[in-house]
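Below is one structure, written out as structure tokens; comments come after it.
Protein chains in written order, with the working numbering: chain A, 1 to 113; chain B, 114 to 225.
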């Protein structure tokens, strides 16, 4: 069982470039989410999905897009990278949003120069 | 606005003692409270979940309390070991259907 797999682990982008962070889970979880973690800020929710075809915004959605075409995959797209998006990104999945444990990926460390 | 506060300073504890971490929240009425452990360079790992109608929950050397009147949760690690050194995050959810919000975490160091 791989759990939650994120790729890549590290990425450096130039300002204005776009890219997609990949997230896949093999636990048949309906709920998936993306967080960013900055020093002293904790985990902040970017976007989440309660099932295939359904997504919604979290606390800090600006500059990011998501889609959920399958239960397994939940990619996060940066449309035009900015230095303020330098962060560590975590994908998580769970059976449900609030009342069950979340399983996290290893994270993607993104630097925008 | 909703706010979750954890010990802002790192906590340094002598091995064998009980470590106690605090999670306070304001402008929020969570039905669920969770605690996670995070090691450097890794994703958070779930430890315990406690519901609003539960006052206390235990798992091996871990104990969590949840006081909805004080709007506070305490996380205890008894007989602490250097391997318990990590950052510990608390997370709240209003209901089973609502999203989780996280505190900024407390870094715990256990010295031999």
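Every residue, glycine too, gets a C-beta built ideally from N, C-alpha and C.
Nothing here was measured: the structure is a model prediction, and the numbers come from that model.
- Within chain A, the residues placing a beta-carbon under 7 Å from that of residue 157/B are 104, ordered along the chain.
- By the C-beta criterion, the region 158-176 of chain B is judged not to be in contact with the region 116-126 of chain B, since fewer than 3 inter-stretch pairs fall below 8 Å.
- Residue burial annotation: residue 81/A is buried, with at least 16 other C-beta atoms found within 10 angstroms of its C-beta.
- Within the region 132-149 of chain B, those residues whose Cβ lies closer than 9 Å to any Cβ of chain A are, in chain order, 143, 144, 145, 147, 149.
- For residue 179/B, the nearest beta carbon of chain A is not closer than 8 Å to its own beta carbon.
- Taking C-beta atoms as the reference points, residue 218/B and residue 3/A fail to come closer than 8 Å.
- In this model, residue 205/B and residue 103/A are separated by some 15 Å (Cα to Cα).
- A Cβ-Cβ distance of about 7 Å is found for the pair residue 150/B and residue 157/B, placing them in contact under the 8 Å criterion.
- Against chain A, the beta carbon of residue 215/B has neighbours under 7 Å at 42, 43, listed in chain order.
- With at least 16 other beta carbons inside 10 angstroms of its own, residue 74/A counts as buried.
- Looking at the backbone, the Cα of residue 220/B and that of residue 122/B are separated by about 7 Å.
- When only Cα atoms are considered, residue 10/A and residue 152/B end up about 17 Å apart.
- Here residue 36/A is buried, its C-beta having at least 16 other C-beta atoms within 10 Å.
- Counting other Cβ atoms within 10 Å of its Cβ, residue 66/A reaches 16 or more and is therefore classed as buried.
- Residue contact with chain B for residue 90/A: present (Cβ-Cβ distance below 8 Å to some residue of chain B).
- Distances from the CA of residue 176/B to each of 146/B, 154/B, 155/B were compared; the closest alpha carbon is that of 146/B.
- Taking a C-beta distance under 8 Å as the contact criterion, residue 162/B and residue 101/A qualify as a contact pair.
- Burial check for residue 83/A: the Cβ neighbour count within 10 Å stays below 16, so the residue is exposed.
- Of the other Cβ atoms in all chains shown, 16 or more fall within 10 Å of the Cβ of residue 143/B; this residue is therefore buried.
- With respect to chain B, the C-beta atom of residue 107/A has a partner C-beta closer than 8 Å.
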